[in-house]
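Novice: The numbering of the sequence shown is the working numbering, which starts it at -19 and goes up by one.
First the structure, then my questions, so here it is.
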Amino acid sequence: GIILLALIALVSYLVTRSVVRPVEQAALAAQTLSAGKLDERLVERGDDVLAQLARSFNKMAASLQQQIQQLDSLSKMQQRFVADVSHELRTPLTTIKLAGEVIFGNREKLDPALSRSAELMQNQIERFESLLADLLEISRYDARAVVA
């Protein structure tokens, strides 16, 4: 009787352990993955439900890792584009601004409609310059964020 009871207890312990341990490992792997360690994977053994869980987890982790890498790549590409566009717009803006300042400075010599156009042009040049400065600042901020 006691030997049978001990045998049942041992079998129960081993069966419980064979189920609980993989679930604990899956929980730990999920926590590790959620902390940002995207290369975390589970060991796949057999064809039972726990092995299917491990395979599904690993597929999900690989997909998540790939999507994050793609987003990171797109983000870097966007940052380069914004930086390049900002830089390339600066040169023509400087030329336009200088020409606009000459026209604006001589607006009192123009007829009223042209004088008003010179004022509007000057305001829009200043607005564009402000927008470009904001774009450059965003580009610099993004560059610092990538480095950090």
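Note that beta-carbon positions come from the ideal geometry of N, C-alpha and C, so glycine has one too.
The structure presented is a predicted model; accordingly, all values stated were derived computationally and were not measured.
1. State the start and end residues of the unbroken alpha helix (DSSP H) segment that holds Leu90.
2. In whole angstroms, what separates the C-alpha of Arg35 from that of Gln50?
3. Is Gln32 closer than 8 angstroms to Asp122 when the C-beta atoms are compared?
4. Verify whether the separation of the beta carbon atoms of Leu78 and Leu112 is less than 8 angstroms.
5. Tell me whether the beta-carbon of Asn38 lies closer than 8 angstroms to the beta-carbon of Arg21.
6. On a Cα-Cα basis, can you pick out the residue from Arg120, Arg70, Arg124 that is closest to Glu129?
7. What does the Cβ neighbour count give for Ser(-2), buried or exposed, with the cut at 16 atoms within 10 Å?
Specialist: Well, looking at it:
1. Careful: Leu90 lies outside any alpha helix (DSSP H) and carries neither H nor E.
2. 22 angstroms
3. no
4. no
5. yes
6. Nothing about residue 129 can be reported from this structure: the residues present for the chain run from -19 to 128 only.
7. exposed
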